[in-house]
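Just so we're aligned, residue 1336 is where the sequence shown starts under our numbering, counting upward by one.
We put the beta carbon where it would ideally sit given N, CA and C, even for glycine.
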Amino acid sequence: MISVRQVRFVEEHWESIAKRALGRIRREIPQSASFSDAMILDSVQDLFGHLGDWLTVSNPEHMGRYEQFGRRRAVAHVYLHDLVRSLQIIRQCAVDYARDNELSENTVALRCESDLEYGIDRFFDLVIYNVVRGYEAGLREKPYAAAAAN
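This is the structure we're talking about:
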């Protein structure tokens, strides 16, 4: 069972997670200049600002927004491997932030922390899948295909 307290903690501290993720993305991804700071911060806010909603309600329409995100990144000629790696970094920063701030006081809290990490991992698996689907769709769009042929 995921702890509501831990989910709220992540939701309330999305900005700290975003700053941590932004720093790592800039250090670890050579072509990260193609991601604006605002895009990264907005993505983290979208992902973690309402984490409780994402973890409790499985709505395929919500995942459509990540397909659109992937499509826009393909049209912007962002490398797919850089896009996926940035999402992995964002996920890791959220889990690390929760762990670094010691929300675990006992065995039950440790189990909840483990469940939170598992829930975030499952959510990000869906996000990455849908981003890649959208990215692939963006590659198949005619304007991108024509530009790539030149």
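Practice prompt. Would you mind reading off the limits of the alpha helix (DSSP H) that contains A1353?
Written response: 1349–1363
Discussion item. Is it buried or exposed, S1371, if we count other Cβ atoms within 10 angstroms and call 16 or more buried?
Written reply: exposed
Worksheet item: Can you check whether the CB of A1409 is closer than 8 Å to the CB of L1461?
Response: no
Worksheet item: Would DSSP call V1339 helix, strand or coil?
Response: helix
Worksheet item: Does the distance from the C-beta atom of G1399 to that of W1349 stay below 8 Å?
Response: no
Worksheet item: Can you tell me the Cα-Cα spacing of I1352 and Q1403, whole angstroms?
Response: 23 Å
Worksheet item: N1485 by DSSP, collapsed to three states: which one?
Response: Only weak support exists for where N1485 lies, its pLDDT of 45 falling under 50; the value from the coordinates is given anyway. N1485: coil per DSSP, three-state reduction.
Discussion item. Can you list, in chain order, the residues of its chain with a C-beta nearer than 7 Å to that of R1406? Leave out the 5 residues immediately preceding and following it.
Written reply: G1469, Y1470, A1472, G1473
Worksheet entry | Residue interval of the alpha helix (DSSP H) (run including Y1401) | 1395–1410
Worksheet entry | Given Q1366 as reference, the closest of L1418, I1425, Y1401, Q1423 once Cα atoms are compared | L1418
Worksheet entry | Distance between E1476 and D1456 (C-alpha atoms, nearest Å) | 30 Å
Worksheet item: Leaving out the 5 sequence neighbours to the left and right, which residues in its chain are closer than 8 Å to A1411 when beta-carbon positions are compared?
Response: S1369
Fill in: Of the residues L1386, H1397, K1354, the one placed nearest E1346, counting alpha carbons only
L1386
Practice prompt. Could you name the residues of the same chain whose beta carbon sits closer than 8 Å to that of V1339, not counting the 5 residues immediately before and after it, in chain order?
Written response: G1387
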